[in-house]
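Worksheet: the structure to be examined is printed underneath.
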Amino acid sequence: MKITKLTTFIVPPRWCFLKVETDQGVTGWGEPVVEGRAHTVAAAVDELSDYLIGKDPRNIEDIWTVLYRGGFYRGGAVHMSALAGIDQALWDIKGKALGVSVSDLLGGQVRDKIRVYSWIGGDRPADTARAAKDAVARGFTAVKMNGTEELQFVDSFEKVDLALANVAAVRDAVGPNVGIGVDFHGRVHKPMAKVLMKELDPYKLMFIEEPVLSENYEALKELAPLTSTPIALGERLFSRWDFKRVLSEGYVDIIQPDASHAGGITETRKIANMAEAYDVALALHCPLGPIALAACLQLDAVCYNAFIQEQSLGIHYNESNDLLDYVRDPGVFDYDQGFVKIPNGPGLGIEINEEYVIERAAIGHRWRNPIWRHADGSFAEW
0 MKITKLTTFI VPPRWCFLKV ETDQGVTGWG EPVVEGRAHT VAAAVDELSD
50 YLIGKDPRNI EDIWTVLYRG GFYRGGAVHM SALAGIDQAL WDIKGKALGV
100 SVSDLLGGQV RDKIRVYSWI GGDRPADTAR AAKDAVARGF TAVKMNGTEE
150 LQFVDSFEKV DLALANVAAV RDAVGPNVGI GVDFHGRVHK PMAKVLMKEL
200 DPYKLMFIEE PVLSENYEAL KELAPLTSTP IALGERLFSR WDFKRVLSEG
250 YVDIIQPDAS HAGGITETRK IANMAEAYDV ALALHCPLGP IALAACLQLD
300 AVCYNAFIQE QSLGIHYNES NDLLDYVRDP GVFDYDQGFV KIPNGPGLGI
350 EINEEYVIER AAIGHRWRNP IWRHADGSFA EW
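Taking numbering that gives the first Met the number 0, I'd label the letters of the sequence shown as residues 0 to 381.
Structure, rendered in structure tokens:
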């Protein structure tokens, strides 16, 4: 079997899909994207394709190694996301060729479903409590929200009080037994993180996510003792080497690699296994499309330390298209009482509606992060 063609599709709301074709008629799909840099990642896929044409797609480990190590400059968001989408598509091809799921190829399932959480907003806190109640009414047993608006390095306790009031309203709305993740989104600097993390303890959160930016990981040594809440981090880390120090120095309780950013199924599995050796939990990041979610679920099926899965159904980014629009059978993601079943069809276990992908790719997107500024005019982390 040989790879004959790679085609990327920039589709709304902010995704990039990849189709890899072979000379035996078996095709695979991946989702190589960096939110806000989709066209850049598509260009990186095109550059990597020079090596791929004519190669046997089933030699996944060797292909991954060459695509990672074969360039003098390696790693980072764009390179690893391009590699991720290619890797997902290769696993999809291999599973389809053999008639088994990716999880079967990876050794078989340790679970047949996984708990999922619903995003409820919080960027500009309004109606977050109502959104949380709605999510619980739809069967979700866990929700995640952004914890704050923009914060200066040292900011007012008025903003701290607003953040606490927002979390308190959600806790009151859903009761004591629903999991609540609070995402600082890297927009909180160490001085204010010290305050917020301590003050949030009474609300018995499921986790605090990205309390500081990943590049400020050394601050976690000071912050971790201030809270009994698990600390989650990792959506902006892209390889084993990025996660190595965070894990070895014991700064986090939950890692959140993204299978569309962290080198795909091959690399994310290795990161998850590293974390298990440190007794650290896995909650894969995935506010993306159906191919990315399918890849995550195949990993959740085989990673013992996975405990919950992010998913984008109904997320505020998905205005023009939603998670299920691009799959032929929306029932493949069977949400039930806060869990989603692991797709068990061949490959990634989903069938992409290629005609609709082509139709929407004609529309495309140029999604960009919001740009925030503080009252003094300086840039604010989003």
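Idealized CB from N, CA, C, for every residue including glycine.
Reference residue i, options the options, closest by Cα
| i | options | result |
| --- | --- | --- |
| Leu323 | Val211, Tyr116, Leu287 and Ala271 | Leu287 |
| Ala172 | Arg129, Thr147, Lys143 and Glu149 | Arg129 |
| Glu30 | Ile270, Gly178, Tyr50 and Thr6 | Thr6 |
| Val279 | Pro201, Glu248, Gly262 and Asp375 | Glu248 |
| Arg170 | Phe206, Ala131, Glu149 and Met196 | Ala131 |
| Ala192 | Pro224, Ile179 and Ala168 | Pro224 |
| Leu161 | His188, Val177, Ser238 and Glu198 | Glu198 |
| Gly94 | Arg367, Gly344 and His364 | Gly344 |
| Val194 | Glu234, Ile52 and Thr147 | Thr147 |
| Asn165 | Phe152, Val153 and Ile179 | Ile179 |
| Lys243 | Tyr72, Ile270, Pro369 and Arg68 | Ile270 |
| Ala361 | Pro12, Asp328 and Lys4 | Pro12 |
| Asn317 | Cys295, Pro289, Cys302 and Asn304 | Pro289 |
| Gly106 | Asp241, Arg268, Ala134 and Lys203 | Arg268 |
| Leu66 | Gly174, Thr265, Asn215 and Gly120 | Thr265 |
| Arg367 | Ala305, Val32, Lys4 and Ile119 | Val32 |
| Lys18 | Val177, Ala81 and Tyr72 | Ala81 |
| Tyr303 | His315, Leu281 and His38 | Leu281 |
| Leu204 | Pro175, Leu219 and Lys220 | Pro175 |
| Gly75 | Trp371, Gly53 and Asp257 | Asp257 |
| Ser100 | Val135, Glu354 and Ile349 | Ile349 |
| Pro309 | Tyr355, Glu354, Arg359 and Glu234 | In the sequence as displayed, the identity of residue 309 is Glu instead of Pro. Comparing Cα positions, the closest option is Glu234. |
| Thr226 | Met196, Gly53 and Ala167 | Met196 |
Distance between residue j and residue i (C-alpha atoms, nearest Å)
| i | j | result |
| --- | --- | --- |
| Arg114 | Gln336 | 9 Å |
| Gly70 | Ala42 | 15 Å |
| Leu246 | Val181 | 21 Å |
| Tyr321 | Asp55 | Per the sequence shown, residue 321 should be read as Asp rather than Tyr. Cα-Cα distance, rounded: 34 Å. |
| Arg137 | Ala300 | 24 Å |
| Gln108 | Ser102 | 6 Å |
| Gly24 | Met0 | 9 Å |
| Ser155 | Leu283 | 33 Å |
| Arg186 | Asp200 | 19 Å |
| Gly363 | Val44 | 17 Å |
| Ser48 | Tyr202 | 49 Å |
| Asn145 | Pro369 | 15 Å |
| Phe206 | Thr21 | 43 Å |
| Thr64 | Leu236 | 18 Å |
| Pro342 | Phe378 | 43 Å |
| Arg365 | Glu214 | 27 Å |
| His373 | His188 | 14 Å |
| Asp383 | Asp126 | This structure cannot speak to residue 383, because the chain is shown only from 0 to 381. |
| Asp328 | Ile119 | 26 Å |
| Cys285 | Asp241 | 19 Å |
| Val177 | Val356 | 36 Å |
| His38 | Glu46 | 13 Å |
| Gly315 | Gly53 | The question names Gly, but residue 315 in the sequence shown is His. The straight-line gap from Cα to Cα measures roughly 41 Å. |
| Leu219 | Arg68 | 31 Å |
Boundaries (first-last residue) of the alpha helix (DSSP H) holding residue i
| i | result |
| --- | --- |
| Asp154 | That residue, Asp154, is in no alpha helix (DSSP H); it is neither H nor E in DSSP. |
| Glu358 | Glu353 to Ala360 |
| Phe206 | Unbroken run through Phe206 is the beta strand (DSSP E), Phe206 to Glu208; no alpha helix (DSSP H). |
| Val77 | Ala76 to Leu97 |
| Thr39 | Ala37 to Leu51 |
| Ser117 | It is not in any alpha helix (DSSP H) - Ser117 instead sits in the beta strand (DSSP E) that spans Lys112 to Trp118. |
| Ala291 | Pro289 to Val301 |
Contact under 9 Å by Cβ, residue i with residue j
| i | j | result |
| --- | --- | --- |
| Gln426 | Leu222 | With the chain covering only 0 through 381, there is no way to say anything about residue 426. |
| Ile307 | Trp28 | no |
| Val77 | Arg110 | no |
| Ser117 | Gly313 | yes |
| Trp381 | Glu149 | yes |
| Ser311 | Met79 | no |
| Gly98 | Val40 | no |
| Glu208 | His184 | yes |
| Lys51 | Ile2 | Per the sequence presented here, residue 51 reads as Leu, with Lys not at that position. Cβ atoms of Leu51 and Ile2: closer than 9 Å. |
| Ala294 | Ser319 | no |
| Phe16 | Tyr334 | no |
| Phe152 | Pro210 | no |
| Trp14 | Ala261 | no |
| Val339 | Lys4 | no |
Span of the beta strand (DSSP E), counted from its first residue to its last, around residue i
| i | result |
| --- | --- |
| Met144 | Ala141 to Asn145 |
| Val10 | Ile2 to Val10 |
| Tyr67 | Not the beta strand (DSSP E): Tyr67 falls in the alpha helix (DSSP H), residues Ile59 to Arg68. |
| Lys18 | Trp14 to Thr21 |
When the Cβ atoms of the segment 267–274 are set against those of the segment 247–256, are three or more pairs found closer than 8 Å? yes
Determine, using beta-carbon pairs with one atom in the segment 84–91 and one in the segment 49–64, whether at least three such pairs fall under 8 Å. yes
Assess contact between the segment 228–236 and the segment 141–153, defined as three or more Cβ pairs (one per stretch) separated by less than 8 Å. Is contact present? no
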